[in-house]
Amino acid sequence: MSKPRIIVTVNGDGTVSAETLDILGDRCLDYIAVLEDLVGGRVQSSAFTDDYTRQHHTAQEQQVNRDVDPA
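According to full-length UniProt numbering, the residues represented by the sequence shown are 1 to 71, in order.
Shown next, in the form of structure tokens:
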């Protein structure tokens with residue numbers, strides 16, 4: 001897996017958008033306060049990326065592997 005990254009974009013109208021990459025599960029939420037402090041503003045909207053569910057799929061795969069007896 002790649003190192004965690006945050007892409008911050010300042011738009012022409014002065015609004016700022018940010019996206020986390022390779023930060024799995026809800027750990028991305030920890031960065032909201034950091035970003036708000038960085039830009040001196042408040043989050044207007046947010047949405048989870050595919051990385052949010054990627055952690056959950058990994059946990060499910062591990063559970064399945066644990067439940068299967070070796071041949």
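We treat Cβ as the ideally placed atom computed from N, Cα and C, and that holds for glycine.
Taking 8 angstroms as the cut-off, the Cβ atoms of residue 17 and residue 9 count as close.
Boundaries of the alpha helix (DSSP H) harbouring residue 35: 31-39, taken from the DSSP string.
In this structure, residue 22 places its C-beta atom within 8 angstroms of the C-beta atom of residue 4. Residue 51 is not a Cβ neighbour of residue 29, given a cutoff of 8 angstroms.
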